[in-house]
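Data block below; observations after.
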Amino acid sequence: MACRVVPDDPSAEVPHLGPEDLHALNRLTAYNRPELEGSDRRCGCFHCGSVFPAREVISWMAEKDGADTALCPHCSCDSVIFETPAFPLSTALLTTLYLGWFGPEYEGRKRVATYAPSFSYYDDWLRQGVPFRMGSRPSDEAVGEVDLFREFGCDDAGGMVRIVTCGPRDLVLVDERGRALPYTIMSGQQRLVRDLVEKYGPRLRGLIADPNDWKLRLIVART
Numbered sequence: 063m064a065c066r067v068v069p070d071d072p073s074a075e076v077p078h079l080g081p082e083d084l085h086a087l088n089r090l091t092a093y094n095r096p097e098l099e100g101s102d103r104r105c106g107c108f109h110c111g112s113v114f115p116a117r118e119v120i121s122w123m124a125e126k127d128g129a130d131t132a133l134c135p136h137c138s139c140d141s142v143i144f145e146t147p148a149f150p151l152s153t154a155l156l157t158t159l160y161l162g163w164f165g166p167e168y169e170g171r172k173r174v175a176t177y178a179p180s181f182s183y184y185d186d187w188l189r190q191g192v193p194f195r196m197g198s199r200p201s202d203e204a205v206g207e208v209d210l211f212r213e214f215g216c217d218d219a220g221g222m223v224r225i226v227t228c229g230p231r232d233l234v235l236v237d238e239r240g241r242a243l244p245y246t247i248m249s250g251q252q253r254l255v256r257d258l259v260e261k262y263g264p265r266l267r268g269l270i271a272d273p274n275d276w277k278l279r280l281i282v283a284r285t
């Protein structure tokens, strides 16, 4: 899916949307040609995560009962919103709307994903638009999945990880930034992971795609 996801600055506010907010944002997606056509308003698509100026919209969905509706120039979906004083546009906002409106699609993409960028905690996951940026790479093969236990008092974190063996018993998950993550592989499943580490060596990696799942997908890069 072609898109232009722009991660937010770490200081950007993560929206907490109530039912009235969702209704108001949904209204922005319809009958919006008069507001957008030929303008420089900042827009975003909560189907693919792209951010773009309104002038890039060239396709419109004809409506029988009002003005035409913008179609995203990157994914052709009618899920384009524009920035307003009440709702500053952000990747965290687009991600939140995507999870709400396209949840089944997200779950399907997550089930086959073999890549996602690293994130430090849940709000960082939203700000980076990880659900838009995860994907399935043809060069990778999923060879299993295990459950994780998160250490008490620690933030969620994830993305792509290395699995490091420390001594005869410990397995440590290290992210792309070199940080040890606060997760422990469930004891009954550590033997599987150790066997895969022995079999594949550094070709074996892990993926924590969703901070709410506490799952580690085991992935091997095909030679």
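So in the numbering used here, spot 43 of the sequence shown is number 105, and the numbers just go up one at a time. Every residue gets a Cβ at the ideal spot worked out from N, C-alpha and C, and that includes glycine.
Separation of R224 from P115, as counted between CA atoms:
Residue mapping note: residue 115 aligns to position 53 of the sequence shown, counting from 1. Residue mapping note: residue 224 aligns to position 162 of the sequence shown, counting from 1. Roughly 39 Å separates the two Cα atoms.
Check whether the Cβ atoms of F194 and S141 lie closer than 7 Å to each other.
The residue you call residue 194 lines up with position 132 of the sequence shown. The residue you call residue 141 lines up with position 79 of the sequence shown. Cβ distance not < 7 Å, so F194 and S141 don't count as in contact.
Could you check where the alpha helix (DSSP H) with D202 kicks off and where it finishes?
Sequence index remark: in the sequence shown, residue 202 carries index 140 (1-based). Careful: D202 lies outside any alpha helix (DSSP H), inside the beta strand (DSSP E) at 202–212.
Simplified DSSP assignment, three categories, for F194
By one-based count along the sequence shown, residue 194 stands at place 132. DSSP places F194 in helix when its eight states are reduced to three.
Continuous beta strand (DSSP E) assignments of at least 3 residues falling wholly in the segment 222–264
232–237, 245–247
Pick from D186, T227, T176, P135: whose alpha carbon is nearest that of V76?
Working through the sequence shown from its first residue, we reach residue 76 at position 14. Among D186, T227, T176, P135, the Cα nearest to that of V76 is on D186.
Assign A148 to one of two classes, buried (16 or more other C-beta atoms within 10 Å of its C-beta) or exposed (fewer than that).
What you label residue 148 is simply residue 86 of the sequence shown in a count that begins at 1. So A148 counts as exposed.
Buried or exposed: A271, going by 16 or more other Cβ atoms within 10 Å of its Cβ?
Working through the sequence shown from its first residue, we reach residue 271 at position 209. So A271 ends up on the buried side.
So what does DSSP say about V68, is it helix, strand or coil?
Within the sequence shown, the letter at position 6 stands for residue 68. In the structure shown, V68 sits in coil (DSSP, three-state: anything other than H, G, I, E or B).
For F144, tell me which candidate among S138, V119, P166 has the shortest Cα-Cα distance.
Position 82 of the sequence shown, counted from the first residue, corresponds to residue 144. Residue V119 is the option with its Cα nearest to F144.
Anticipated Cβ contact below 8 Å, T209 with K277, distance rounded
Translated into the one-based positions of the sequence shown, residue 209 becomes position 147. Translated into the one-based positions of the sequence shown, residue 277 becomes position 215. Position check: residue 209 holds Asp in this sequence, whereas Thr was assumed. With a Cβ gap of about 6 Å, D209 and K277 count as contacting.
Work out the CA separation of F164 and A178 for me, nearest whole Å.
Sequence index remark: in the sequence shown, residue 178 carries index 116 (1-based). Sequence index remark: in the sequence shown, residue 164 carries index 102 (1-based). One C-alpha to the other measures close to 18 Å.
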